[in-house]
Amino acid sequence: MRGQQLIDELRARETHIRQLEYERLQLIHEIHEQGLAKEMGAYSTASFLRDTVRITPADARRRVADANALFGSTTLTGQPIEAQLPVAATALAAGVISRDHVQVVRTTIDKLPDEHHAEVEQLLVGEAERFDPVKLGKLALRTRAHLQPEQVVLEEQAARKRMEFSMVEDVDGMIMVRGRLSPECAEVLKAALSPLAKPAGKDDDRSAARRWADALVELAHRVLNSDTLPQDGGRRPHLAITISYEQLRDQIGLGRGNFGALITPQTIRQIACDAGITPIVLNSEGKPLDVGREQRTATPAIRAALIARDKGCTFPGCDRPPEWTDAHHIVHWLNGGITSEETMALLCRFHHTIIHEQDWEIVMRGGFPYYIPPAWVDPQRKPIRNTMHVEIAN
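Heads up, the final residue of the sequence shown is numbered 1549 in my numbering, and it's a clean run with no missing numbers.
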């Protein structure tokens, strides 16, 4: 199959799967109504489904709720309850909408007074033929905001109280970030991260998820360097990493961060370029040999000169502005590099990492940084200069 034939087949399969979802919910409804779960020793239909078809508890509860909403149910006293979503049931049976659409309609109807149920169900099922479940959910919220504005405001306030954030170390040393934000707070975070999450030029092959993760760290770096945070323990918050001189020189072992993170010497050599990070180098007796000062790498005057010269990241092809860059030592400070305009270059965090991890070299020619590519990029290793900012300025 090719072209339109493939697309038509995909749509046909999707319709068939949705129709099977309808039939499956019918079966769940009958199991629930006949009380088969209790006969089989389960305390609820949801727990019966969980054990029988091996699904998560949350999915089992959603399936039972969807089935009852589509087909009705019976109370403990034997009184029948009419189907809450007859229009959605018909649309799902025809394969026009998905079960995700049904859940949006159901959860919206559950929050509305009875007099609005029929009208809102008809509206949302009709729009479900045009919109995916996420967009339909936004339409549903706008509808509720029109019908019950005070309730929506209360829910928004309650959402803020349910916000949470945690960082848990995984078995491989990675940190799992988990949490949830209210919609308006998520908008604030997205607004701050969005400009930092853009691709750093045509050679940036990071996934979108990786770029957003890097953007979050970049945002933290900028805040730490901004001198706007309240003091912590009597001083401005900063990151300090402790490592022995021999480990840093020979690039063996691990350093330790403020909060116990173990970091390789190679990474410490890179982040030592950042003015907001203090490397604490210990001698063989464990005493501080050199405590780098936070303006050790680039004074305000030197950084101003670098900005005037480089106008942004100097890596070839990168157009990131100076606000997104670190001042990088062309000759590392551990190897005798000094802090001056002639021995430093601006690099965005993405290309700063590349310089430290790959075989790129930097040389100064005519007062400007030129980059010598690794042999696998250019066998002739011809020095090249970034002219993006010159072109933008002109």
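Just so you know, even glycine gets a beta-carbon here, dropped at the ideal spot from N, CA and C.
Opposing strand residues paired with Y1525 [DSSP bridges]: Your numbering for residue 1525 matches position 370 in the sequence shown. Answer is V1518.
Close Cβ partners of R1261 (< 8 Å) along its chain, the five nearest in sequence each way excluded: Counting from 1 along the sequence shown, the entry for residue 1261 is found at position 106. Counting only Cβ-Cβ distances below 8 Å, and skipping sequence neighbours, we find A1220, D1221, A1224, Q1239, L1240, A1243.
Cβ separation of P1471 and R1540, assumed to be a contact under 8 Å, to the nearest whole Å: In the sequence shown, the residue the question calls residue 1471 occupies position 316. In the sequence shown, the residue the question calls residue 1540 occupies position 385. Contact holds; Cβ gap of about 7 Å.
Cα-Cα separation, A1167 to H1256: Within the sequence shown, numbered from 1, the residue matching residue 1167 stands at position 12. Within the sequence shown, numbered from 1, the residue matching residue 1256 stands at position 101. In a straight line, the C-alpha of A1167 is about 18 Å away from that of H1256.
G1388 - DSSP class collapsed to helix/strand/coil: Position 233 of the sequence shown, counted from the start, is the residue given in the question as residue 1388. At G1388 the pLDDT is 45, less than 50, meaning the model places this residue with poor confidence and gives no usable figure here.
G1334 vs M1318 beta-carbon contact at 9 Å: On the sequence shown, residue 1334 is found 179 positions in, with the first residue counted as 1. On the sequence shown, residue 1318 is found 163 positions in, with the first residue counted as 1. Cβ atoms of G1334 and M1318: closer than 9 Å.
Reduced DSSP category for G1412 - H, G, I as helix; E, B as strand; rest coil: In the sequence shown, counting from the first residue as 1, residue 1412 sits at position 257. G1412 falls in the strand class under three-state DSSP.
Complete alpha helix (DSSP H) runs within the region 1327-1404 (minimum length 4 residues, chain order): 1338-1348, 1363-1381
8 Å CB neighbourhood of A1460 in its chain, flanking five on each side removed: Taking the sequence shown and counting its residues from 1, the one referred to as residue 1460 is at position 305. Answer for A1460: E1496, listed in chain order.
Anticipated Cβ contact below 8 Å, I1510 with L1502, distance rounded: For the purposes of this step, residue 1510 is taken as the residue at position 355 of the sequence shown. For the purposes of this step, residue 1502 is taken as the residue at position 347 of the sequence shown. That pair is a contact at about 6 Å.
Selection from C1473, P1476, T1498 that minimises the alpha carbon distance to H1483: Here residue 1483 refers to the residue found at position 328 when the sequence shown is read from its first residue. Nearest of C1473, P1476, T1498 to H1483, Cα basis: T1498.
Runs of alpha helix (DSSP H) lying entirely within the region 1203-1281, each at least 4 residues, in chain order: 1212-1226, 1241-1248, 1254-1265
With 16 other Cβ atoms within 10 Å as the buried cut-off, status of A1346: Working through the sequence shown from its first residue, we reach residue 1346 at position 191. Per the 10 Å Cβ criterion, exposed.
Neighbour-count burial assignment, P1524, 16 or more Cβ in a 10 Å radius: The count along the sequence shown starts at 1 and reaches residue 1524 at position 369. Buried, since its Cβ has 16 or more Cβ neighbours within 10 Å.
Reduced DSSP secondary structure (H/G/I, E/B, other) of W1531: As a first step, residue 1531 is located in the sequence shown; it is residue number 376 there, counting from the start. DSSP places W1531 in coil when its eight states are reduced to three.
Boundaries (first-last residue) of the alpha helix (DSSP H) holding A1460: Position 305 of the sequence shown, counted from the first residue, corresponds to residue 1460. First-last of the alpha helix (DSSP H) with A1460: 1455-1465.
Alpha-carbon to alpha-carbon, K1193 and L1180: By one-based count along the sequence shown, residue 1180 stands at place 25. By one-based count along the sequence shown, residue 1193 stands at place 38. Answer to the nearest angstrom: the Cα atoms are 19 Å apart.
Secondary structure of F1505, DSSP reduced to three states: Walking along the sequence shown from the start, residue 1505 turns up at place 350. Three-state result, F1505: helix.
E1178: first and last residue of the uninterrupted alpha helix (DSSP H) it sits in: Reading the sequence shown from its first residue, position 23 is the one you call residue 1178. 1158-1189 is the extent of the alpha helix (DSSP H) around E1178.
Outcome for E1270 when other beta-carbon atoms lying within 10 angstroms are tallied against a minimum of 16: The residue you call residue 1270 lines up with position 115 of the sequence shown. It is exposed - the Cβ of E1270 has fewer than 16 other Cβ atoms within 10 Å.
For T1480, three-class secondary structure by DSSP: Along the sequence shown, one-based indexing puts residue 1480 at 325. If DSSP states are grouped into helix, strand and coil, T1480 belongs with the strands.
Where M1611 falls: helix, strand or coil (DSSP): The requested residue 1611 is not part of the displayed model; the chain covers only 1156 to 1549.
Nearest-angstrom beta carbon gap, I1183 and L1204 [assumed within contact, 8 Å]: One-based indexing of the sequence shown puts residue 1204 at position 49. One-based indexing of the sequence shown puts residue 1183 at position 28. That belief holds up - the Cβ atoms of L1204 and I1183 are roughly 7 Å apart, short of 8 Å.
Close beta carbons around V1518, own chain, < 7 Å, minus the five adjacent residues each side: By one-based count along the sequence shown, residue 1518 stands at place 363. Excluding positions up to five away in sequence, the list reads Y1525, I1527, P1538.
heavy atom of the ligand GTP below 8 Å from D1481 C-beta: For the ligand GTP, the structure offers nothing, since it holds no ligand at all.
CB of L1344 within 9 Å of CB of E1373, strictly: Residue mapping note: residue 1344 aligns to position 189 of the sequence shown, counting from 1. Residue mapping note: residue 1373 aligns to position 218 of the sequence shown, counting from 1. Their beta carbons are not under 9 Å apart, which means L1344 does not touch E1373 by this criterion.
Under 9 Å between C-beta atoms of I1481 and R1504: Translated into the one-based positions of the sequence shown, residue 1481 becomes position 326. Translated into the one-based positions of the sequence shown, residue 1504 becomes position 349. Sequence inspection shows Asp at residue 1481; the Ile mentioned does not correspond to that position. In this structure, R1504 lies closer than 9 Å to D1481 by Cβ.
Alpha-carbon spacing of V1251 relative to R1218, whole angstroms: By 1-based counting over the sequence shown, the position of residue 1251 is 96. By 1-based counting over the sequence shown, the position of residue 1218 is 63. Each residue's Cα considered, the two are about 19 Å apart.
Of the residues S1399, V1308, E1169, the one placed nearest A1248, counting alpha carbons only: Here residue 1248 corresponds to residue number 93 of the sequence shown, with the count starting at 1. Measuring from the Cα of A1248, the nearest candidate turns out to be E1169.
Burial state of R1173, where buried means 16 or more other Cβ atoms lie within 10 Å: Counting from 1 along the sequence shown, the entry for residue 1173 is found at position 18. By the 10 Å Cβ count, R1173 comes out buried.
Burial state of L1379 (16 or more Cβ within 10 Å): Stepping through the sequence shown from its first residue, residue 1379 is reached at position 224. Classification of L1379: buried, given that the 10 Å Cβ count is 16 or more.
Enclosing alpha helix (DSSP H) for E1324 [first to last residue]: For the purposes of this step, residue 1324 is identified with residue 169 of the sequence shown, where counting begins at 1. No alpha helix (DSSP H) holds E1324; the beta strand (DSSP E) holding it covers 1319-1324.
Where A1500 falls: helix, strand or coil (DSSP): In the sequence shown, the residue the question calls residue 1500 occupies position 345. It is a strand residue.
CB contact flag (L1296, F1286, <9 Å): Along the sequence shown, one-based indexing puts residue 1296 at 141. Along the sequence shown, one-based indexing puts residue 1286 at 131. No, Cβ-Cβ distance for L1296 and F1286 is not below 9 Å.
Cross-strand partners of L1417 (DSSP beta bridge): The sequence position of residue 1417 within the sequence shown is 262, counting from 1. In DSSP, L1417 forms a bridge with R1411.
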